[in-house]
Ligand SMILES: Cc1ncc(COP(=O)(O)O)c(C=O)c1O
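Numbering (the working numbering), first residue to last: 791 to 1175.
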């Protein structure tokens, strides 16, 4: 309990908050947010078109190094469309990690595809390249289908068309190895980089390794548009198609309403993009502050004998959400109760996807690391200071 008390005192000193509740992650609006949003209101172009959408997309592309960035209404819709355009069809299977936020699995289901849950690495918290490779060699054969060589699950006979690794809490997974493995099986990689804008693996921005990458600008993320998302890709044809399908697939015309496919109204509004542009201008500053915060936490927890999760090898993490590893589930629950009772928000990691009703019948690989981590992870306050 002494260590828990010291943690609470430390967080209160860090954030200079005596008695008020300290949240896990609060947005920070300290730049041009009001200026751009007011300008957007004055322009009357608050909705589906306007200069801020284009400016925000350009800035995100420039920052991440992706050739194209297509904004969407949230990160979930960015995943949905990326999977569709990666070629996932109803009845297919998509590999992903069981330790993730629900949107990853939901986006797969929206298409009528089934997730298959693979383990994560203890070191990266993201999809394990080793477990992925083992699962594929034990469960998959390559078959000719419609003139294409596709990966087929020997147990179900279904095509495995995509893989969705996720960069948990902003820490990059071993994405280069994952892409190499998937290439051998003709499986498209859609990187769920919802939590990792500002994180780099071997010097390259997360979300730019696969066929598609997706970002989220939800209110709890390192930068926010209130709600929003982005699709990243280097493929010009797919980028154009992504823009088209997320904006109701309307054929451009000055007055006619013709739509040439079943599109979606998934566009980001101009007013949200105005907020996003101001936020991304501050991203480097936010990442710097969060990395300094993580270093302070690491030093403090070393002194208390608690295990702080540091960025994996070969990566520069944005440390979106800081996390600790408790000794077991019982200690985790005591920590959660103590800290929340004292007004410092902490929380466990998401319930594993394969334990949720909707996904409990999905096929899984060995999930021993995910289960071990789910018993021990707690997230602690991580707002930019
Ligand atoms: C891993 C992960 N994937 C997807 C999403 C979905 O993003 P959104 O909430 O913007 O739909 C989030 C966060 O919210 C997330 O953390």
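Ideal Cβ placement from N, Cα and C applies to all residues, glycine included.
Excluding the 5 residues flanking it on each side, residue 958 has same chain C-beta neighbours closer than 6 angstroms at 915, 916, in chain order.
For residue 1114, the enclosing beta strand (DSSP E) starts and ends at 1112-1115.
Residue environment: residue 1005 is assigned as buried (16 or more neighbouring CB atoms within 10 Å of its CB, all protein chains considered). Within the region 1053-1141, the runs of alpha helix (DSSP H) at least 4 residues long that lie entirely inside it are, in chain order, 1060-1070, 1073-1094, 1119-1131. Within a 10 Å sphere around the beta-carbon of residue 1052 sit fewer than 16 other beta-carbons, which makes this residue exposed.
The beta carbon of residue 1008 sits closer than 7 angstroms to the beta carbons of 864, 865, 1014, 1017 from its chain, once the five residues preceding and following it are set aside; these are given in chain order. Take the alpha-carbon of residue 911 and the one of residue 920: they are about 8 angstroms apart.
Unbroken alpha helix (DSSP H) runs of no fewer than 4 residues, entirely contained in the region 818-881, are found at 823-833, 841-854, 865-875, following chain order. Short of 7 angstroms from the beta carbon of residue 983, and not among the five residues preceding or following it, lie these beta carbons of its own chain, in chain order: 957, 996, 997, 1003, 1004, 1005. With respect to residue 850, residue 988 sits apart: the two C-beta atoms are not nearer than 8 angstroms. Secondary structure note for residue 952: its beta strand (DSSP E) is the uninterrupted segment 949-954. In the three-state DSSP reduction, residue 978 falls in the strand class (E or B). Taking a contact as a CB-CB distance under 8 angstroms, the pair residue 986 and residue 955 does not count as one, their CB atoms being some 11 angstroms apart. The region 812-821 makes no contact with the region 1156-1168; the number of CB pairs closer than 8 angstroms stays below 3.
The closest heavy atom of ligand 1 lies less than 7 angstroms from the beta carbon of residue 891. One thing to note: residue 941 has its Cβ within 8 angstroms of the Cβ of residue 977. Around the Cβ of residue 947, a 10 Å sphere holds fewer than 16 other Cβ atoms; the residue is exposed. For residue 885, the enclosing beta strand (DSSP E) covers residues 883-887. Taking C-beta atoms as the reference points, residue 838 and residue 1036 fail to come closer than 8 angstroms. Separation of the CB atoms of residue 1067 and residue 819 is rounded to 12 angstroms, and the pair is thereby denied contact status at 8 angstroms. Going by DSSP, residue 1005 is part of the beta strand (DSSP E) stretching over 1002-1006. By the 16-neighbour rule on beta-carbons within 10 angstroms, residue 1057 is buried. Here residue 940 is bridged, per DSSP, to 933.
Counting only the Cα atoms, residue 1171 lies some 15 angstroms from residue 808. Buried is the label assigned to residue 1101, since at least 16 other Cβ atoms lie within 10 Å of its Cβ. Under DSSP, residue 957 forms no beta bridge with any residue.
Three or more beta-carbon pairs drawn from the region 1144-1157 and the region 879-897 are found closer than 8 angstroms, and the two stretches are therefore classed as touching.
With fewer than 16 other Cβ atoms inside 10 Å of its own Cβ, residue 1049 counts as exposed. A direct Cα-Cα distance of roughly 23 angstroms separates residue 795 from residue 1080.
About 34 angstroms separates the Cβ atoms of residue 842 and residue 1113, ruling out a contact at the 8 angstroms cut-off. For residue 1008, the shortest C-beta to heavy atom distance toward ligand 1 is below 7 angstroms. Leaving aside the five residues that flank residue 1174 on each side, the residues in its chain whose CB is nearer than 7 angstroms to its CB run, in chain order, 818, 1076, 1079, 1080. Taking C-alpha positions only, residue 803 is separated from residue 1106 by approximately 26 angstroms. Setting aside the 5 residues that flank it on each side, residue 1099 is surrounded in the same chain by 915, 959, 961, 1112, 1113, 1114, 1115, 1167, each with a C-beta closer than 8 angstroms to its C-beta; the list follows chain order.
Residue side-chain check: residue 866 places its Cβ nearer than 7 angstroms to a non-hydrogen atom of ligand 1.
In this structure residue 1022 is buried. Its beta-carbon is surrounded by 16 or more other beta-carbon atoms within 10 angstroms.
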